[in-house]
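Residues 20 to 171 (our numbering) make up the sequence shown, in order. Glycine included, every Cβ here is placed at the ideal spot set by N, Cα and C. Notes follow the structure.
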Amino acid sequence: MSFVHPKSDVDAAAKLGRNVYIAAFASIRADEGSVEVGNNASIQESCVVHGKNVRIGNNVTVGHGAIVHGCRISDNALIGMNATLLNNCEIGEWSIVAAGAVVTEGMKVPPGSIVAGVPAKILRPATEADKKLITGSCENYLQKLRKMGLFE
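Set out below in structure tokens:
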């Protein structure tokens, strides 16, 4: 069971996992290629997900206003508000892309990395506190939706 806000726009060809939250004004288009969103993912308000072969993993939070275009995000990642991920970039598991960062075309972010800036650069390895932030962000939305009776 997933929740797609009635004021969002999700292409029927997009594949959504279990317990996915798609917030108001998010746009998920699968007209250029496949779009898959894993289990327990949160796509927040005003996000745009588009491009060829987009894969958003399990337990991923995509922050308000982010653009995810033609790239892959591994499980347990956090994409900050208004971040931009361009074609063919890859975000490794347990990584955080800071708010406002621009991950350039083809950039490979190794697992467990913190990236920020325009263009994005790897700042440091993720700490246990960073990993708790990722888990907490995802769980926060799931708990809210469970309380509202929208998720099991």
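Where the beta strand (DSSP E) containing residue i begins and where it ends
i	result
Ser-132	132-135
Lys-140	140-144
Arg-74	73-75
Glu-55	54-56
His-69	67-69
Val-87	86-88
Contact check, residue i vs residue j, beta carbons under 7 Å
i	j	result
Ile-98	Val-121	no
Gly-131	Ala-145	yes
Gly-84	Asn-106	no
Ala-32	Ile-47	no
Val-67	Ile-86	yes
Ala-118	Asn-101	yes
Ile-62	Ala-45	yes
Among the options, the one whose alpha carbon lies nearest that of residue i
i	options	result
Lys-71	Val-23, Phe-44, Glu-124, Phe-22	Glu-124
Ser-114	Ala-33, Ile-141, Gly-136, Val-137	Ile-141
Ser-93	Arg-143, Asn-78, Ala-49	Asn-78
Ile-75	Val-54, Leu-169, Cys-66	Val-54
Val-39	Val-56, Glu-51, Gly-136, Gly-52	Val-56
Gly-36	Ala-139, Glu-109, Ser-21	Ser-21
Val-137	Gly-155, Leu-104, Asn-159	Leu-104
Close beta carbons around residue i, own chain, < 7 Å, minus the five adjacent residues each side
i	result
Gly-111	Ser-93, Val-128, Pro-129, Pro-130, Gly-131, Ser-132
Leu-161	Asn-38, Asn-59, Phe-170
Ala-43	His-24, Lys-26, Ser-27, Glu-64
Lys-150	Trp-113
Val-29	Val-23, Ile-41, Ile-47
Residue i: first and last residue of the uninterrupted alpha helix (DSSP H) it sits in
i	result
Leu-169	Element bounds for Leu-169: n/a, residue is neither H nor E.
Sequence-distant residues of the same chain with beta carbon closer than 6 Å to residue i, five excluded per side
i	result
Met-126	Cys-108
Arg-143	Ile-133
Arg-91	Arg-74, Glu-109
Ile-153	Asn-95, Leu-97
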